[in-house]
Amino acid sequence: MDPAPKDGMPSMLAYLTRVLKMPTIGAFWEELAEQARDQNWSHEEYLAALLQRQVADRESKGTTMRIRTAHFPAVKTLEDFNLDHLPSLRRDVLAHLATGAFVAKAENVILLGPPGIGKTHLAIGLGVKAAHAGYSVLFDTASNWIARLSSAHQAGRLESELKKIRRYKLIIIDEVGYIPFDQDAANLFFQLVASRYELGSIMVTSNLPFGRWGETFSDDVVAAAMIDRLVHHAEVLTLTGDSYRTRQRRELLAKENRASHG
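Quick note: the sequence shown uses UniProt numbering, first residue 1, plus one each step.
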């Protein structure tokens with residue numbers, strides 16, 4: 001293809017960037033060309049600047065898409081979480097998990113602790129970090145995961161559903177232990193865990209210690225087998241400290257008391 005005349009360059013570049021699906025280059029080539037002339041960039045520097053702008057925009061949109069399709073109940077970040085009420089949580093461990101390296105290794109994360117301590121916030125925050133690192137994430141409560149698997153099982157497509165779920169590099173199972181499951185549900189949950197063993201990461205939050213999981217899954221044997229697969233390659237964090245919600249209520253009451261006596 002012969003070079004376009006100078007006065008036809010904008011329309012030519014608009015066409016080429018559209019065909020190549022590089023809209024960011026199409027939008028910014030003139031601005032960067034002017035900057036290149038002002039700063040005496042080489043052709044290679046100008047090309048690199050264009051491509052860097054395109055890649056950055058694509059990565060940003062990819063992150064936004066991954067966070068949206070993760071179906072978090074709300075987008076929460078680790079930066080918004082107050083760690084002061086969790087002295088038991090090692091900051092270095094949390095910082096390492098935030099890199100997403102555990103997802104690359106198909107390792108698991110288990111967050112155990114009493115209700116209201118912030119397990120769900122931490123799980124979402126780590127999920128958001130994983131999405132920023134380029135990993136696909138899917139979040140749901142334990143009861144909703146069971147409902148999804150039960151529906152697939154009844155329709156005769158459990159295997160295809162498990163295969164679909166395996167496409168996600170990280171799945172988050174929130175609130176294990178809040179609602180007891182019958183034997184069939186426990187078996188479905190076990191199949192979900194087993195299907196991802198050493199293939200994909202699972203993050204679990206639970207208000208119960210492992211010793212009481214038999215109560216939730218109606219079968220100590222199934223619970224033990226599930227725990228064995230979950231913790232084989234896992235970081236288990238047992239969180240102790242002041243309830244996040246209780247502390248928030250105390251702070252609110254204290255604020256109201258100060259206002260009433262002010």
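In this text, a Cβ means the ideal position worked out from N, Cα and C, and glycines have one as well.
Just to check my reading of the structure: leucine 162 and leucine 192 have Cβ atoms closer than 8 Å, yes? What is that Cβ distance to the nearest angstrom? Stepping through the sequence shown from its first residue, residue 162 is reached at position 162. Stepping through the sequence shown from its first residue, residue 192 is reached at position 192. With a contact defined as Cβ atoms closer than 8 Å, leucine 162 and leucine 192 qualify at about 7 Å.
C-alpha gap between proline 115 and asparagine 207, whole angstroms: One-based indexing of the sequence shown puts residue 115 at position 115. One-based indexing of the sequence shown puts residue 207 at position 207. Those two C-alpha atoms are separated by around 6 Å.
Tell me, to the nearest whole angstrom, how far the beta carbon of residue 331 is from that of leucine 83; I am working on the premise that it is less than 8 Å. The structure shown does not extend to residue 331, since the chain spans only 1 to 262, so no value can be given for it.
Where in the region 84-172 do unbroken runs of the alpha helix (DSSP H), each at least 4 residues long, occur, reported from the N-terminal end onward? 91-98, 101-104, 119-132, 142-154, 158-166
Quick check on this structure: which residue in Gln154, Arg157, Lys164 has the alpha carbon closest to the alpha carbon of serine 136? Stepping through the sequence shown from its first residue, residue 136 is reached at position 136. Of all alpha-carbon atoms in Gln154, Arg157, Lys164, the one lying nearest the alpha-carbon of serine 136 is that of Lys164.
Give the straight-line distance between the Cα atoms of alanine 101 and alanine 130, rounded to the nearest whole angstrom. Reading the sequence shown from its first residue, position 101 is the one you call residue 101. Reading the sequence shown from its first residue, position 130 is the one you call residue 130. Roughly 9 Å separates the two Cα atoms.
With a CB to CB cut of under 7 Å and the five nearest residues on each side skipped, what residues in its chain are close to histidine 121? Stepping through the sequence shown from its first residue, residue 121 is reached at position 121. Cβ within range, chain order: Lys76, Phe81.
Can you say whether glutamate 175 is buried or exposed, counting buried as having 16 or more other CB atoms within 10 angstroms of its CB? Mapped onto the sequence shown, residue 175 falls at position 175. With 16 or more other Cβ atoms within 10 Å, it is buried.
C-alpha gap between glycine 241 and aspartate 92, whole angstroms: Stepping through the sequence shown from its first residue, residue 241 is reached at position 241. Stepping through the sequence shown from its first residue, residue 92 is reached at position 92. Cα to Cα, the separation comes out at about 18 Å.
Given the structure, does proline 10 come close to the ligand PLP, in the sense that its CB is under 6 Å from one of the ligand's heavy atoms? In terms of ligand content, the structure shown is empty, and the ligand PLP therefore cannot be addressed.
Report, in whole angstroms, the separation of the C-beta atoms of glutamate 107 and alanine 27, which I expect to be a contact under 8 Å. If you number the sequence shown from 1, residue 107 lands on position 107. If you number the sequence shown from 1, residue 27 lands on position 27. Rounded, the Cβ-Cβ distance is 40 Å, inconsistent with contact.
Contact under 7 Å by Cβ, alanine 186 with aspartate 219: For the purposes of this step, residue 186 is identified with residue 186 of the sequence shown, where counting begins at 1. For the purposes of this step, residue 219 is identified with residue 219 of the sequence shown, where counting begins at 1. Against a cut-off of 7 Å, the Cβ pair of aspartate 219 and alanine 186 comes out as a contact.
Could you work out which residue in Asp57, Gln183, Val109 is closest to valine 221 when comparing CA atoms only? Translated into the one-based positions of the sequence shown, residue 221 becomes position 221. Closest by alpha carbon: Gln183.
Please report the distance separating the alpha-carbon of isoleucine 202 from that of arginine 18. As a position in the sequence shown, residue 202 is number 202, starting the count at 1. As a position in the sequence shown, residue 18 is number 18, starting the count at 1. Taking the straight line joining both Cα atoms gives about 39 Å.
Verify whether the separation of the beta carbon atoms of leucine 97 and threonine 205 is less than 7 Å. Along the sequence shown, one-based indexing puts residue 97 at 97. Along the sequence shown, one-based indexing puts residue 205 at 205. No; because the gap between Cβ atoms is not below 7 Å, this pair is not in contact.
How big is the Cα-Cα spacing for glycine 211 and tyrosine 178? If you number the sequence shown from 1, residue 211 lands on position 211. If you number the sequence shown from 1, residue 178 lands on position 178. The straight-line gap from Cα to Cα measures roughly 15 Å.
For phenylalanine 181, which residues from the same chain have a beta carbon less than 7 Å from its beta carbon, with the 5 sequence-adjacent residues on both sides left out? Translated into the one-based positions of the sequence shown, residue 181 becomes position 181. If we look at phenylalanine 181 and ignore the five residues flanking it on each side, its Cβ neighbours are Ile146, Phe189, Thr216, Phe217, Ser218.
Determine, using beta carbons only, whether leucine 50 and isoleucine 25 come nearer to each other than 7 Å. As a position in the sequence shown, residue 50 is number 50, starting the count at 1. As a position in the sequence shown, residue 25 is number 25, starting the count at 1. Their beta carbons are under 7 Å apart, which means leucine 50 touches isoleucine 25 by this criterion.
Answer yes or no: do glycine 200 and lysine 169 have a C-beta to C-beta separation smaller than 7 Å? The count along the sequence shown starts at 1 and reaches residue 200 at position 200. The count along the sequence shown starts at 1 and reaches residue 169 at position 169. Closer than 7 Å, so yes.
With a threshold of 7 Å between beta carbons, is tryptophan 145 in contact with chain C? Note that chain C does not occur in the displayed structure, where there is just one protein chain.
Whole angstroms is fine: what's the gap from residue 263's alpha carbon to leucine 78's? Missing from the structure shown is residue 263; the chain here goes from 1 to 262 and no further.
Please classify methionine 226 as buried or exposed, where buried requires at least 16 other C-beta atoms within 10 Å of its C-beta. Within the sequence shown, the letter at position 226 stands for residue 226. Under this definition methionine 226 is a buried residue.
Leaving out five residues on either side along the sequence, give the residues of the same chain with a beta carbon under 8 Å from the beta carbon of leucine 32. If you number the sequence shown from 1, residue 32 lands on position 32. So the list reads Tyr46, Ala49, Leu50, Arg53, once near-sequence residues are dropped.
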